[in-house]
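J.: For the sequence shown, full-length UniProt numbering gives the first residue as 1, with consecutive numbering after it. Ideal Cβ placement from N, Cα and C applies to all residues, glycine included. Bear in mind the structure is a predicted one, so any value in this text is a computation, not a measurement. Have a look at this one before I ask anything.
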Amino acid sequence: MKSLLNAVVRVLTAFDWPLLAMLVLFTALGLTVMHSAVGGTDWRFADQARNFAIAFAVMWAVALIPPPMLMKLALPFYLVGVVLLLGVEFMGETSKGATRWLNLGFARIQPSEMMKIAVPMMLAWYFQRHEGEVRIRDYLAAVLMLALPFLLIVKQPDLGTALLVFAAGFFVIYFAGLSFKLLAPVMIVGVVSVGTLIYYEEPLCQPGVDWVVLHDYQKHRVCTLLDPNADPLGKGFHTIQSTIAIGSGGMYGKGYMQGTQTHLDFIPERTTDFVFAVYAEEFGLYGGIMMLVLYGLLLARGLFISSRSATQFGRLLGGALTMVVFVYVFVNIGMVAGILPVVGVPLPFMSYGGTALLTIGIACGMLMSVSRHRAGKT
């Protein structure tokens with residue numbers, strides 16, 4: 001009886017209850033929106049419910065792993081991920097013009113997904129080992145550890161996943177003490193580049209112009225962002241229809257399962273990348289604000305947990321994983337609203353798909369692990 005009681009206590013203490021409460025709310029909201037997006041309880045709704053169950057189970061299992069054990073797993077996890085990415089480069093399977101999958105015989109995996117977790121773990125472990133004596137060469141080494149998987153994923157090509165991996169690694173490096181003065185020149189170059197692109201949009205977006213650093217489909221996405229009406233029934237269709245759906249929702253929305261853009265099939269990929277357009281049309285501006293507030297509370301809780309970690313590893317890992325969720329939300333809503341290019345980034349807890357939910361589940365499990373072993377807590 002005592003052993004059973006101890007097991008129950010261990011299960012209950014594995015969770016950070018405020019964070020868990022927010023995740024339960026997101027689960028209810030995500031399944032509600034998915035029910036509307038598919039028009040009922042078809043196989044996609046059932047699959048998404050199963051995906052949530054798996055994500056919660058994995059989250060709980062990861063939450064039971066103490067941060068010292070996560071530190072020990074960081075290096076081998078990163079090395080395995082890089083080896084698998086190299087395997088994709090030389091032996092990967094190609095689908096729809098992209099080589100992202102690796103067939104291991106017993107399973108078909110997408111190694112780039114695991115790097116969203118492996119990269120911040122590796123960099124947090126590295127800075128933990130150099131705590132108190134971080135020098136410029138340590139930042140350069142961290143950049144190299146980030147650049148290797150980033151470039152391998154870009155080459156597949158999978159720009160959306162590459163950006164998320166880069167963001168995860170960048171936030172670890174920034175939280176480790178990287179001076180903002182070093183970032184200022186990069187930001188200036190970025191602003192100048194965007195301004196130049198907007199000013200010279202017409203000649204740069206001509207069919208015969210090669211952008212060198214981007215594939216043709218990536219160039220088309222940027223040009224479509226600048227002028228979606230140039231090809232309203234082709235490349236600009238996604239952006240135009242999603243913005244119409246958001247605008248037609250007005251202040252209060254059209255009501256649950258009453259979205260015309262959604263249920264007349266005008267919104268492409270309405271269960272995955274463009275699910276926010278479904279939500280905004282049916283729940284309006286106020287509904288969108290409520291969703292953003294809930295995301296804000298989730299991010300605030302993640303940063304609060306990270307700030308109270310007993311180790312630098314926990315602070316860096318928790319902070320980076322929390323900010324990756326922010327990048328997910330910012331990029332997805334930005335592309336649906338027509339202010340960012342379409343890069344195939346899902347909306348956390350809303351978009352259909354098991355891989356993204358599993359990744360978020362692992363990240364939340366790690367946050368709960370950090371919470372259980374925070375400073376001053378036994």
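(1) Based on Cα-Cα distance, which residue from N51, D47 and L75 lies nearest to F313?
(2) Mind checking T260: buried by the 16 CB within 10 Å criterion, or exposed?
(3) In this structure, does DSSP put L84 in helix, strand or coil?
(4) Would you kindly work out how many angstroms separate the C-alpha atoms of D16 and P348, rounded to a whole number?
(5) Cutting at 7 Å between CB atoms, please list the residues of its own chain near G376, excluding the five before and the five after it.
(6) Touching or not, the stretch 260-272 and the stretch 26-41, by the rule of three or more beta carbon pairs under 8 Å?
(7) Around the Cβ of A28, are there at least 16 other Cβ atoms within 10 angstroms (buried) or fewer (exposed)?
(8) Apply the 10 Å Cβ neighbour rule to D210 and answer buried if 16 or more other Cβ atoms are within range, or exposed otherwise.
(9) Just mark F90 as buried or exposed, buried being the case when its beta carbon has 16 or more other beta carbons within 10 Å.
(10) Hey, is L151's beta-carbon within less than 7 Å of any beta-carbon in chain D?
(11) On a Cα-Cα basis, can you pick out the residue from C205, G255, V275 and Q206 that is closest to H238?
(12) Pull up the CB-CB distance for M368 and L317, whole angstroms please, since I reckon it's below 8 Å.
(13) Less than 7 Å between the beta carbons of G169 and V134, yes or no?
(14) According to DSSP, is T161 part of a helix, a strand, or is it coil?
(15) Is P111 buried or exposed, if buried means 16 or more other CB atoms sit within 10 Å of its CB?
(16) Quick check on T355: does DSSP put it in helix, strand or coil?
(17) By the three-class DSSP mapping on this structure, what secondary structure does L178 have?
(18) By Cβ distance, which residues of its chain are closer than 6 Å to I117, with the 5 residues on each side in sequence left out?
(19) When you compare the stretch 342-359 with the stretch 184-203, are there three or more beta-carbon pairs, one atom per stretch, that lie closer than 8 Å?
(20) With distances taken from CA atoms, which of V329, K155 and R137 is nearest A98?
(21) List, from N- to C-terminal side, the beta strand (DSSP E) runs of 3 residues or more that fit wholly inside the stretch 21-54.
(22) Is Q206 near the ligand SAH, going by C-beta to nearest heavy atom under 6 Å?
(23) Kindly indicate which three-state DSSP category E93 falls into: helix, strand or coil?
(24) Looking at the structure shown, is T99 part of a helix, part of a strand, or coil, going by DSSP?
(25) In this structure, does DSSP put R108 in helix, strand or coil?
(26) The alpha helix (DSSP H) that contains I240, what's its start and end?
(27) Whole angstroms is fine: what's the gap from V336's alpha carbon to G208's?
(28) Do you know offhand how far D216's Cα is from L159's?
(29) Looking at the unbroken alpha helix (DSSP H) that takes in D138, where does it start and where does it end?
(30) Just mark V331 as buried or exposed, buried being the case when its beta carbon has 16 or more other beta carbons within 10 Å.
(31) Let me check one thing: in DSSP terms, what residues is S369 bridge-paired to?
(32) If you drop the 5 nearest sequence neighbours on each side, which residues of the same chain put their C-beta closer than 8 Å to that of M145?
(33) Using 8 Å for Cβ pairs, my map puts E113 next to T272. What's the rounded Cβ distance?
(34) Can you check which of these residues, K219, I240, A356 and R372, is closest to Q48 by C-alpha distance?
(35) Taking K235 and T224 to be in contact with their CB atoms under 8 Å, please state how far apart those CB atoms are, rounded to whole angstroms.
(36) Do L102 and G87 come within 7 Å of each other at the CB atom, strictly closer than that value?
T.: So, from the listed chains and residues:
(1) Selected option, being the one with the closest Cα: L75.
(2) Exposed, because fewer than 16 other Cβ atoms sit within 10 Å of the Cβ of T260.
(3) The answer is helix: DSSP assigns L84 an H, G or I state.
(4) Their Cα atoms are separated by approximately 19 Å.
(5) Model confidence at G376 stands at a pLDDT of 44, short of 50, so the residue's coordinates are unreliable; what they give is reported in the following sentence. Taken in chain order, the list of residues that qualify is empty.
(6) Contact between the stretch 260-272 and the stretch 26-41 is present, because at least three Cβ pairs lie under 8 Å.
(7) Result: exposed.
(8) Its Cβ having fewer than 16 others within 10 Å, D210 is exposed.
(9) With fewer than 16 other Cβ atoms within 10 Å, it is exposed.
(10) In the structure shown, chain D cannot be found, because there is only a single protein chain.
(11) Here the closest residue by C-alpha is V275.
(12) By a beta-carbon distance limit of 8 Å, M368 does not contact L317. Their separation comes to about 12 Å.
(13) Contact flag unset, no.
(14) Correct three-state label for T161: helix.
(15) Result: buried.
(16) Helix.
(17) The three-state secondary structure of L178, taken from DSSP, is coil.
(18) Taken in chain order, the residues that qualify are I362.
(19) Proximity of the stretch 342-359 to the stretch 184-203 falls short of the contact definition, fewer than three beta-carbon pairs being nearer than 8 Å.
(20) It is K155.
(21) Counting only runs of 3 or more, we get nothing.
(22) You won't find the ligand SAH in this model; it holds no ligand whatsoever.
(23) DSSP places E93 in the strand class (E or B) of the three-state scheme.
(24) Here T99 sits in strand by DSSP.
(25) Looking at R108 - three-state DSSP - the assignment turns out to be strand.
(26) Start and end: F237 to S248.
(27) Rounded to whole angstroms, V336 to G208 spans 28 Å at the Cα level.
(28) Rounded to the nearest angstrom, the two C-alpha atoms are 13 Å apart.
(29) Boundaries of the alpha helix (DSSP H) around D138: I136 to V154.
(30) The C-beta of V331 has 16 or more other C-beta atoms within 10 Å across all chains shown, which makes the residue buried.
(31) Bridge partners of S369: none, in fact.
(32) Here the set comprises Y78, V119, M122, L123, Y126 and G169.
(33) Their Cβ separation, rounded to whole angstroms, is 15 Å, which puts E113 and T272 out of contact at 8 Å.
(34) Of the listed residues, the one whose Cα sits closest to Q48 is A356.
(35) Contact flag correct, Cβ pair sits at about 5 Å.
(36) Yes, they are a contact pair.
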